[in-house]
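Residue numbers (the numbering used here), protein chains in the order written: chain A, 0 to 218; chain B, 0 to 218. Input: a single structure, listed below in structure tokens.
Protein chains: 2
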Amino acid sequence: MEPATGEPTPTTYGIGARVSLHPMSARFEDIILGALADADAARGDLTTRTGVVSTFVGGDEADLLAYLTALIGAAARRADGDHLAASVLLSRGCPGEVTCDLRSGPWASDGTLAAEPTGTTAVAEWSLYPLLDADPAASAGAALDHMEPIMAAIEQAKQVGLYDGSDHYVTRLRGDIADILTLVTTAWRGVGGGVQHVTSHLSFSINSPTETRTPQEQS
Amino acid sequence: MEPATGEPTPTTYGIGARVSLHPMSARFEDIILGALADADAARGDLTTRTGVVSTFVGGDEADLLAYLTALIGAAARRADGDHLAASVLLSRGCPGEVTCDLRSGPWASDGTLAAEPTGTTAVAEWSLYPLLDADPAASAGAALDHMEPIMAAIEQAKQVGLYDGSDHYVTRLRGDIADILTLVTTAWRGVGGGVQHVTSHLSFSINSPTETRTPQEQS
Numbered sequence: 000m001e002p003a004t005g006e007p008t009p010t011t012y013g014i015g016a017r018v019s020l021h022p023m024s025a026r027f028e029d030i031i032l033g034a035l036a037d038a039d040a041a042r043g044d045l046t047t048r049t050g051v052v053s054t055f056v057g058g059d060e061a062d063l064l065a066y067l068t069a070l071i072g073a074a075a076r077r078a079d080g081d082h083l084a085a086s087v088l089l090s091r092g093c094p095g096e097v098t099c100d101l102r103s104g105p106w107a108s109d110g111t112l113a114a115e116p117t118g119t120t121a122v123a124e125w126s127l128y129p130l131l132d133a134d135p136a137a138s139a140g141a142a143l144d145h146m147e148p149i150m151a152a153i154e155q156a157k158q159v160g161l162y163d164g165s166d167h168y169v170t171r172l173r174g175d176i177a178d179i180l181t182l183v184t185t186a187w188r189g190v191g192g193g194v195q196h197v198t199s200h201l202s203f204s205i206n207s208p209t210e211t212r213t214p215q216e217q218s
Numbered sequence: 000m001e002p003a004t005g006e007p008t009p010t011t012y013g014i015g016a017r018v019s020l021h022p023m024s025a026r027f028e029d030i031i032l033g034a035l036a037d038a039d040a041a042r043g044d045l046t047t048r049t050g051v052v053s054t055f056v057g058g059d060e061a062d063l064l065a066y067l068t069a070l071i072g073a074a075a076r077r078a079d080g081d082h083l084a085a086s087v088l089l090s091r092g093c094p095g096e097v098t099c100d101l102r103s104g105p106w107a108s109d110g111t112l113a114a115e116p117t118g119t120t121a122v123a124e125w126s127l128y129p130l131l132d133a134d135p136a137a138s139a140g141a142a143l144d145h146m147e148p149i150m151a152a153i154e155q156a157k158q159v160g161l162y163d164g165s166d167h168y169v170t171r172l173r174g175d176i177a178d179i180l181t182l183v184t185t186a187w188r189g190v191g192g193g194v195q196h197v198t199s200h201l202s203f204s205i206n207s208p209t210e211t212r213t214p215q216e217q218s
């Protein structure tokens, strides 16, 4: 384990996201390609790389938040009432593809993260994973219990009015796409101050025909 | 922390999945409802609960594997060449919805997991998260480095011929839907022998019009 040698960059620290758009429409290709074009102005200094299953976006948290909000907001507008799902995976502290050797953290930038409202309300399932090592020294003596930062993030969701309930394995959020992304990006970055490798998964559902607050149960 | 008192059940240990189907087709409702009906015969003793964003499925690993294979395989058949995405979240060792108090593990069943091939090839992005606490005693003195079981799982993917490459934050798999689900379910259960709380995320892409082995890069 190396000591920190100055502030890492988003690239050296492995800060980024993978995102995918799933318009449930015969127009899905037009909606996806149109949203990518619409969001290009918000791409800024981000590195992007389109894969078969999802698109990688690398850069700092403020740029990621702006781009993800622009992209998913544009897809929602272009879906024009059609059902749309979108998935986001955020990761920090494990650069590279196969290995995860960096030990310069835990480290996180500060400053308020914010995004302009998109005008589209979504429901989303959220999970947040502080990937501790079972060695307090490797986590800078931070939270010993991996559930602690998760519970703090759920409390924050309640305070900002986005909390819509807890299901098995996920927290359900409801609100403007921008507000949900702001909460999730802020929580993920915040946990990163105490734990080096932190990931978060977010699944949006927009314009769902089965939207209901009374789930069906079978057993 | 309580000592183990006999073998837990899937319910008391919190073994289950969340799954969602995203057919990129105007027929998406028919494909989803038809696949759910087709897979009902494979539901067995599983508990299911349909939510707004995804469906919860609770039960043991063999039953989960059979059901997920039947469901996603049926959706792929009914998509009939149309583009289909499917997401699976596996979780174990954290029962309940908000809290995660159980400390009866780590524990995992044994026995070979297998599923009949579906005949449909998919590409999938896979991540596996051993959620250690920074306290070796809470993890039964198991892997101190959270990357160790992840690297072992990737090695297993290579051995069975499903490994298609590593991208940022995910491992890419390619093969029959059943074989991918068997690998991922087996790896997730296996890590559970040494770490109580383990989750895994899997995003399938089937019949993608942009399927290519040469990703586009922009920076």
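Ideal Cβ positions, reconstructed from N, Cα and C, are used throughout, including at glycine.
Residues of chain A with CB under 9 Å from Ser199 (chain B), in chain order? Working through the second sequence from its first residue, we reach residue 199 (chain B) at position 200. Those within 9 Å of Ser199 (chain B) in chain A number zero; the least Cβ separation is about 11 Å.
Please classify Met150 (chain B): is it buried, with 16 or more other beta-carbons within 10 angstroms of its beta-carbon, or exposed? Counting from one through the second sequence, the residue named residue 150 (chain B) turns up at place 151. Label assigned to Met150 (chain B): exposed.
Gly92 (chain B) to Tyr128 (chain A) span [Cα, whole Å]: Here residue 92 (chain B) refers to the residue found at position 93 when the second sequence is read from its first residue. Here residue 128 (chain A) refers to the residue found at position 129 when the first sequence is read from its first residue. Their backbone Cα atoms lie some 14 Å apart in a straight line.
Distance between Glu28 (chain A) and Arg17 (chain B) (C-alpha atoms, nearest Å): As a first step, residue 17 (chain B) is located in the second sequence; it is residue number 18 there, counting from the start. As a first step, residue 28 (chain A) is located in the first sequence; it is residue number 29 there, counting from the start. Roughly 26 Å separates the two Cα atoms.
Of all Cβ atoms in chain B, is any one closer than 8 Å to the Cβ of Ala186 (chain A)? On the first sequence, residue 186 (chain A) is found 187 positions in, with the first residue counted as 1. So no, Ala186 (chain A) is outside the interface.
What residues from chain B crowd round Arg77 (chain A), counting only those whose CB sits closer than 7 Å? As a working mapping, residue 77 (chain A) is identified with position 78 in the first sequence. Residues of chain B with a Cβ closer than 7 Å to the Cβ of Arg77 (chain A) do not exist; the shortest Cβ-Cβ separation is about 14 Å.
In angstroms with no decimal places, state the Cα-to-Cα distance between Leu88 (chain A) and His167 (chain B). Here residue 88 (chain A) refers to the residue found at position 89 of the first sequence. Here residue 167 (chain B) refers to the residue found at position 168 of the second sequence. Spanning the two alpha carbons is a distance of roughly 10 Å.
His200 (chain B) and Leu130 (chain A): beta carbons closer than 8 Å? Taking the first residue of the second sequence as 1, we reach residue 200 (chain B) at position 201. Taking the first residue of the first sequence as 1, we reach residue 130 (chain A) at position 131. Contact: no.
Inspect the beta-carbon positions of Leu67 (chain A) and His21 (chain A) and report whether they are closer than 8 Å. Here residue 67 (chain A) is taken as the residue at index 68 of the first sequence, counted from 1. Here residue 21 (chain A) is taken as the residue at index 22 of the first sequence, counted from 1. Taking the C-beta atoms as reference points, His21 (chain A) is found no nearer than 8 Å to Leu67 (chain A).
Cβ of Trp187 (chain B) within 7 Å of any heavy atom in the ligand ATP? Summarising the ligand content, the structure contains no ligands, and the ligand ATP is consequently not present.
Under the three-state reduction of DSSP, which class applies to Arg91 (chain A): helix, strand or coil? Here residue 91 (chain A) corresponds to residue number 92 of the first sequence, with the count starting at 1. Look at Arg91 (chain A) here: in three-state DSSP terms it is strand.
Residue interval of the alpha helix (DSSP H) (run including Gly189 (chain B)): Translated into positions along the second sequence, residue 189 (chain B) becomes position 190. Boundaries of the alpha helix (DSSP H) harbouring Gly189 (chain B): Ile176 to Val190, taken from the DSSP string.
Count Cβ pairs between the stretch 154–164 of chain A and the stretch 104–114 of chain A that sit closer than 8 Å; are there 3 or more? Counting Cβ pairs under 8 Å, fewer than three are found: no touch.
Among A:Ala107, A:His196, A:Thr119 and A:Val52, which residue has its Cα nearest to the Cα of Ala74 (chain A)? Start at 1 with the first residue of the first sequence, and residue 74 (chain A) comes out as number 75. For the residues A:Ala107, A:His196, A:Thr119 and A:Val52, the minimum Cα distance to Ala74 (chain A) belongs to A:Thr119.
Please tell me whether Leu127 (chain B) has its Cβ less than 8 Å away from any Cβ of chain A. By one-based count along the second sequence, residue 127 (chain B) stands at place 128. For Leu127 (chain B), the nearest beta carbon of chain A is not closer than 8 Å to its own beta carbon.
Under 8 Å, do Gly191 (chain A) and Pro105 (chain A) count as touching if we go by C-beta distance? Sequence index remark: in the first sequence, residue 191 (chain A) carries index 192 (1-based). Sequence index remark: in the first sequence, residue 105 (chain A) carries index 106 (1-based). Against a cut-off of 8 Å, the Cβ pair of Pro105 (chain A) and Gly191 (chain A) comes out as a contact.
So with Cβ pairs under 8 Å, would you call Pro22 (chain A) a contact of chain B? Within the first sequence, numbered from 1, the residue matching residue 22 (chain A) stands at position 23. Pro22 (chain A) counts as touching chain B.
Check whether the Cβ of Leu161 (chain B) lies closer than 8 Å to any Cβ atom in chain A. Here residue 161 (chain B) refers to the residue found at position 162 of the second sequence. No, because no Cβ of chain A sits closer than 8 Å to the Cβ of Leu161 (chain B).
Please report the straight-line C-alpha distance between Ala41 (chain A) and Ser202 (chain B), rounded to a whole angstrom. Residue numbering aside, residue 41 (chain A) sits at position 42 when the first sequence is read from its first letter. Residue numbering aside, residue 202 (chain B) sits at position 203 when the second sequence is read from its first letter. Between the alpha carbons of Ala41 (chain A) and Ser202 (chain B) lies a distance of about 26 Å.
Is Pro22 (chain A) helix, strand or coil when you go by DSSP? For the purposes of this step, residue 22 (chain A) is taken as residue 23 along the first sequence, with counting starting at 1. Pro22 (chain A): strand per DSSP, three-state reduction.
Determine the direct distance from the alpha carbon of Ala34 (chain B) to that of Arg26 (chain B), and round the result to whole angstroms. Stepping through the second sequence from its first residue, residue 26 (chain B) is reached at position 27. Stepping through the second sequence from its first residue, residue 34 (chain B) is reached at position 35. Between Arg26 (chain B) and Ala34 (chain B), the alpha-carbon positions lie close to 12 Å from each other.
Would you say Ala121 (chain A) and Ile179 (chain A) are within 8 Å of each other, going by their C-beta atoms? Along the first sequence, one-based indexing puts residue 121 (chain A) at 122. Along the first sequence, one-based indexing puts residue 179 (chain A) at 180. Result yes, Cβ atoms of Ala121 (chain A) and Ile179 (chain A) sit closer than 8 Å.
Taking Arg171 (chain B) as the reference, give the member of B:Gly189, B:Thr185, B:Arg188 and B:Ala152 with the closest Cα. Counting from one through the second sequence, the residue named residue 171 (chain B) turns up at place 172. Measuring C-alpha to C-alpha distances from Arg171 (chain B) to each of B:Gly189, B:Thr185, B:Arg188 and B:Ala152 identifies B:Ala152 as the nearest.
Go ahead and pull the three-state DSSP assignment for Leu70 (chain B). The residue given as residue 70 (chain B) occupies position 71 in the second sequence. Note: Leu70 (chain B) maps to helix in three-state DSSP.
Short of 8 Å in beta carbon distance, which residues of its chain neighbour Asp175 (chain B), apart from the five on each side in sequence? Order them along the chain. The residue labelled residue 175 (chain B) in the question sits at position 176 within the second sequence. Hits under 8 Å: Pro116, Thr117, Gly118, Thr119, Thr120 and Ala121.
Flag this pair as yes or no: are the beta carbons of Asp81 (chain B) and Ser19 (chain B) separated by less than 8 Å? Position 82 of the second sequence, counted from the start, is the residue given in the question as residue 81 (chain B). Position 20 of the second sequence, counted from the start, is the residue given in the question as residue 19 (chain B). No, these two residues do not count as a Cβ contact at 8 Å.
Check each candidate in A:Pro7, A:Thr209 and A:Pro208 and name the one with the smallest Cα separation from Ala107 (chain A). Residue numbering aside, residue 107 (chain A) sits at position 108 when the first sequence is read from its first letter. It is A:Pro7 whose Cα lies nearest to the Cα of Ala107 (chain A).
CB contact check: Asp29 (chain A) to chain B, cutoff 8 Å: Taking the first sequence and counting its residues from 1, one reaches residue 29 (chain A) at position 30. No, Asp29 (chain A) does not count as interfacial toward chain B.
Roughly how far, in whole angstroms, is the beta-carbon of Val51 (chain B) from the beta-carbon of Ser207 (chain A), given that I think they are within contact range, below 8 Å? Start at 1 with the first residue of the second sequence, and residue 51 (chain B) comes out as number 52. Start at 1 with the first residue of the first sequence, and residue 207 (chain A) comes out as number 208. The pair is a contact, with the Cβ atoms about 6 Å apart (cut-off 8 Å).
Could one say the Cβ of Thr211 (chain A) lies closer than 8 Å to chain B's Cβ atoms, at least one of them? For this step, residue 211 (chain A) is matched to residue 212 along the first sequence. The predicted model places Thr211 (chain A) with a pLDDT of 43, which falls under 50 and marks its position as unreliable; any figure quoted below should be read in that light. Cβ-Cβ to chain B under 8 Å: yes for Thr211 (chain A).
From the DSSP output, in three-state form, read off Tyr168 (chain B) for me. For the purposes of this step, residue 168 (chain B) is taken as residue 169 along the second sequence, with counting starting at 1. Tyr168 (chain B): coil per DSSP, three-state reduction.
Counting only Cβ pairs nearer than 7 Å, list the residues of chain B close to Asp144 (chain A). On the first sequence, residue 144 (chain A) is found 145 positions in, with the first residue counted as 1. Residues of chain B passing the Cβ test: Asp132.
Does DSSP put Thr198 (chain A) in a helix, in a strand, or in coil? The residue given as residue 198 (chain A) occupies position 199 in the first sequence. Strand.
Check whether the Cβ of Glu154 (chain A) lies closer than 8 Å to any Cβ atom in chain B. For the purposes of this step, residue 154 (chain A) is taken as the residue at position 155 of the first sequence. Closer than 8 Å: no.
Which class does Ala151 (chain B) belong to by DSSP, given the choice of helix, strand or coil? Translated into positions along the second sequence, residue 151 (chain B) becomes position 152. Correct three-state label for Ala151 (chain B): helix.
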